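Asker: So the sequence shown is numbered by our numbering: it starts at 168 and just counts up by one. Glycine included, C-beta positions come from ideal geometry on N, C-alpha and C. Here the structure is a predicted model, which is why all the values come from computation and not from measurement.
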Amino acid sequence: MDSYRPLFQLADVRPLIQSLARVMRVGVIGVMLAWGQPILVFGAERVVVSYFILERSISLSELTHYAETGKTSRRLRAYLDALAPHQREQLRTALQERLILEPVAVAQLLYSPLGEAMLEQVSTVVQSESRQANAQALRAALILAATDPQGLSALSLIRHYPAKAMRVDLTKGLEILKTFQLLVRQSQSVLASVRQQSQAEAANQAPISPQSMQALTEPGPWRVQVLSWTVTDNSSIRLARTGQPRTLNVEVYLPTPPPPTPIPLVVISHGLGADRYSYAYLGEHLASHGLAVAAIEHPGSSMQHLLSFSGGDSDSLRAGQEFIDRPLDISFILNQLSQYPAYLRPWPGRVNPQEVLVIGQSFGGYTALRLAGAALNRAKLKQNCPPSLSASLNVSLLLQCQALSLPPDTDNLTDPRVKAVLAINPISSKIFGPAGLAAVRVPVMIVAGSADTIAPALAEQVLPFTWLKTPHRYLVLMDEATHFSTIGQSQADTTGMPIPIALIGPTPRQSRYYLRALSLAFVNTYLHQDQSMEVYLSAAAAQALSQPPLTIHITQAWNATALNSALQNLDQPVSPPPVMLAH
168 MDSYRPLFQL
178 ADVRPLIQSL
188 ARVMRVGVIG
198 VMLAWGQPIL
208 VFGAERVVVS
218 YFILERSISL
228 SELTHYAETG
238 KTSRRLRAYL
248 DALAPHQREQ
258 LRTALQERLI
268 LEPVAVAQLL
278 YSPLGEAMLE
288 QVSTVVQSES
298 RQANAQALRA
308 ALILAATDPQ
318 GLSALSLIRH
328 YPAKAMRVDL
338 TKGLEILKTF
348 QLLVRQSQSV
358 LASVRQQSQA
368 EAANQAPISP
378 QSMQALTEPG
388 PWRVQVLSWT
398 VTDNSSIRLA
408 RTGQPRTLNV
418 EVYLPTPPPP
428 TPIPLVVISH
438 GLGADRYSYA
448 YLGEHLASHG
458 LAVAAIEHPG
468 SSMQHLLSFS
478 GGDSDSLRAG
488 QEFIDRPLDI
498 SFILNQLSQY
508 PAYLRPWPGR
518 VNPQEVLVIG
528 QSFGGYTALR
538 LAGAALNRAK
548 LKQNCPPSLS
558 ASLNVSLLLQ
568 CQALSLPPDT
578 DNLTDPRVKA
588 VLAINPISSK
598 IFGPAGLAAV
608 RVPVMIVAGS
618 ADTIAPALAE
628 QVLPFTWLKT
638 PHRYLVLMDE
648 ATHFSTIGQS
658 QADTTGMPIP
668 IALIGPTPRQ
678 SRYYLRALSL
688 AFVNTYLHQD
698 QSMEVYLSAA
708 AAQALSQPPL
718 TIHITQAWNA
728 TALNSALQNL
738 DQPVSPPPVM
748 LAH
């Protein structure tokens, strides 16, 4: 049906389970490959793999020798024989890979509510020698391994685990692996259907020249002036909602010389652990085409926040406060811009903060949708939190579930000045749900990456797209793009946690190229009210913009009927209902 392949390719383990020994060999390696580096190897001196009442073990020295030389002991060879040659090399590469991380940043992450939730989930599979889940031991090992001069690796994680052995519950691990395989099948089928829908729409549209799409990616005629602004919000609204003031840093990109009339405003909201520079390339691009752009740094969820480790520094995120603070940040900046603040006076133009488009990535996508009217769905959160690894491998649920701590009187954060939303890899499935997203009435573009393992495209963008009721909605699928592909290089002078190349994926330059074109066409259509630009938001436009093999697809007609049809085309019926899609 489709030539695209899943991000991870794992052989179906069922035909291999012919004996208990075979189950243990295939199962442990399958779980290792499915879960990635932090769970690739387990134990201090040895790995103990348990399956019901039986156990097998692999020593740390055997794994180290294999990683360094490629040579295997008889015991390790029994496990590796279950793998194809490319999978063996994949395992060895993962054993060798090292990450240079700041131990303080690692500690801050693992002591945050998100880190604690992640550790609790992982420790149901990775247990202490006494068969007990021990999130504290796993956290200690990760922090200590990050202090190694050569960097954190799977092998250094073992060496620092505070016990003689680390146990893997293979029964639970195989449940997770089964979930993973199901999600891969669902994702393949649904994303293939999205591509087919886009192709069908393009067949009924007039062709668009690649040159006209390329023009949208090129700098505009204006020079760009960048102003930095720091302002403290101690307004009565902020104090009533959160109880404390908040200092914001903003980068403002302005066209020079300014147009003669007040110009529309684009606000950029970054994701968790990013900053106001993450989309500097996009701010400069849009400003060069005559738009004002304000990139806000949300201090409770920025990279600087993750680095500022102290005993109680994550209290705001722990309480879900950031789900309130982020929308308030943007509304406050709009209020300030309406007063023509002194910091703008070196620039002689005028900004129109009554006509605003918000671009948000990940947590910023939530922020943008919340401002546009999306309502918090407490019932859905209670139903799905805390998330279970055996039910879903959706990492973003760890963040979404933090919103359960919000008080009821903070539900309405809509700002009528927001006239359109461009949400990139947004988190939305449980925090909004069908009822929450149905409340959005402004134009919405949702951008998904087919290789996003943080906020998976099917669960967090493709399915939620079917819940939108606004007549002006666009679903964009970037093939092979990950959660981080559209993010630019930060200019901040900080040393943080680098994103592994495997998570960034092969498409950052091309993904940013696509985003330049689509964002400009979207802004011109819905802020400048230039309806002639809407043709550049079509499926035909996506075909003209695409540069194979990393293609892009746009659909406006994708709906729940198409989704259900795609799920029915799976090789096996799914019962109970699809784990990512059950309401």
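In three-state DSSP terms, what is residue 464?
Answerer: strand
Asker: Hey, residue 389 and residue 454 are a contact pair by Cβ (cut 8 Å); roughly how many whole angstroms apart?
Answerer: 7 Å
Asker: From what residue to what residue does the alpha helix (DSSP H) around residue 732 run?
Answerer: 727–735
Asker: Exposed or buried, residue 209, counting other C-beta atoms within 10 Å across all chains shown (16 or more means buried)?
Answerer: Annotation note: pLDDT 42 at residue 209 (below 50); position unreliable, coordinate value reported separately. Answer is buried; the Cβ neighbour count reaches 16.
Asker: Alpha carbons only, please: which of 233, 359, 524 is nearest the one belonging to residue 733?
Answerer: 359
Asker: Rounded to whole angstroms, what is the Cα-Cα separation between residue 647 and residue 672?
Answerer: Here the alpha carbon of residue 647 sits roughly 7 Å from the alpha carbon of residue 672.
Asker: Can you find at least 3 beta carbon pairs, one from the region 435–449 and one from the region 374–391, that sit closer than 8 Å?
Answerer: Below 8 Å, too few C-beta pairs join the region 435–449 and the region 374–391 to call them touching: fewer than three.
Asker: Quick test of your reading: residue 522 and residue 309, contact by CB under 8 Å. State the CB separation rounded to the nearest angstrom.
Answerer: About 47 Å separates the two Cβ atoms, so there is no contact after all.
Asker: Compare the C-alpha of residue 563 against each of 581, 600, 574, 623 and name the closest.
Answerer: 623
Asker: Return the CA-CA distance between residue 594 and residue 584, expressed in angstroms with no decimal places.
Answerer: Between residue 594 and residue 584, the alpha-carbon positions lie close to 22 Å from each other.
Asker: What span of residues does the alpha helix (DSSP H) with residue 327 cover, start to end?
Answerer: Residues 321–327.
Asker: Leaving out five residues on either side along the sequence, give the residues of the same chain with a beta carbon under 8 Å from the beta carbon of residue 399.
Answerer: 412, 413, 414, 415
Asker: Which residue marks the beginning of the alpha helix (DSSP H) containing residue 705, and which one marks its end?
Answerer: No alpha helix (DSSP H) holds residue 705; DSSP gives it neither H nor E.
Asker: Closest by CA to residue 260, which one among 243, 233, 274?
Answerer: 233
Asker: Could you tell me whether the Cβ atoms of residue 334 and residue 434 are closer together than 9 Å?
Answerer: Result no, Cβ atoms of residue 334 and residue 434 do not sit closer than 9 Å.
Asker: DSSP on residue 617, reduced to helix/strand/coil?
Answerer: Coil, per DSSP.
Asker: What does the alpha-carbon distance come out to for the pair residue 354 and residue 348?
Answerer: 10 Å
Asker: Kindly indicate the opening and closing residues of the alpha helix (DSSP H) around residue 260.
Answerer: 252–263
Asker: Using a Cβ-Cβ cutoff of less than 6 Å, which residues in the same chain neighbour residue 551 once the five nearest sequence positions on both sides are dropped?
Answerer: 597
Asker: Going by beta carbon distance, what residues of the same chain come within less than 6 Å of residue 542, once the five residues before and after it are set aside?
Answerer: 603, 606
Asker: Using DSSP with H/G/I as helix, E/B as strand and the rest coil, what is residue 494?
Answerer: helix
Asker: Roughly how many whole angstroms lie between the Cα atoms of residue 728 and residue 568?
Answerer: 29 Å
Asker: Is it buried or exposed for residue 674, if we count other Cβ within 10 angstroms and need 16 for buried?
Answerer: buried
Asker: Using the C-alpha atoms, what's the distance from residue 639 back to residue 428?
Answerer: 27 Å
Asker: Let me know if residue 410 comes out buried or exposed under the rule of 16 or more other beta-carbons within 10 Å of its beta-carbon.
Answerer: By the 10 Å Cβ count, residue 410 comes out exposed.
Asker: Measuring alpha carbon to alpha carbon, tell me which of 374, 697, 242 ends up nearest residue 710.
Answerer: 374
Asker: Could you tell me which uninterrupted beta strand (DSSP E) segments, each at least 3 residues in length, are contained entirely in the region 414–449, listed from first to last along the chain?
Answerer: 430–436
Asker: As a quick exercise: from 676, 462, 307, 339, pick the residue whose alpha carbon is nearest that of residue 326.
Answerer: 307
Asker: From residue 599 to residue 423, what distance separates their C-alpha atoms?
Answerer: 40 Å
Asker: Use the C-beta contact count for residue 294: other C-beta atoms within 10 angstroms, 16 or more gives buried, fewer gives exposed.
Answerer: By the neighbour-count rule (16 or more Cβ atoms within 10 Å), residue 294 is buried.
Asker: Which two residues bound the contiguous beta strand (DSSP E) that contains residue 654?
Answerer: Looking at the DSSP string, residue 654 is not in any beta strand (DSSP E), and its letter there is neither H nor E.
Asker: Who pairs with residue 721 in a beta bridge, going by DSSP?
Answerer: 643
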